[in-house]
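Letter by letter, the sequence shown follows residues 42 to 106 in my numbering.
Below: the structure, in structure tokens.
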Amino acid sequence: MNITEIINQIEEDKKKRKIHPTHATLLEISRLCEDIDVKSELNRLYLEGKIEVGNTINGKFVKLI
Numbered sequence: 042m043n044i045t046e047i048i049n050q051i052e053e054d055k056k057k058r059k060i061h062p063t064h065a066t067l068l069e070i071s072r073l074c075e076d077i078d079v080k081s082e083l084n085r086l087y088l089e090g091k092i093e094v095g096n097t098i099n100g101k102f103v104k105l106i
């Protein structure tokens, strides 16, 4: 499973359970990506314009575009 699939899975799960906001946090992504260099992969996706990244009170959020 790649990182975009993981982000999508987190977002869809939150939508299904009616949890708002539906974006994925960096912590949630990191927990599911044991064998992936999360920060470098997220940087690549951000530079390619495939994700939106922003701040939360306790960290960062990631949302697929």
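The beta carbon of each residue, even a glycine, is placed where N, CA and C say it ideally should be.
None of these values were measured; they are calculated from a predicted model.
Taking a cut-off of 8 Å on C-beta distances, the region 53-60 does not touch the region 73-82, as fewer than three cross pairs fall below it. Ranked by Cα distance from C74, the options K101, I48, I106, Y87 are led by I48. Straight-line measurement puts the Cα of L105 at about 15 Å from the Cα of N96. The beta carbon of T45 sits closer than 6 Å to none of the beta carbons in its chain outside the five residues before and after it. For N96, the enclosing beta strand (DSSP E) covers residues 92-96.
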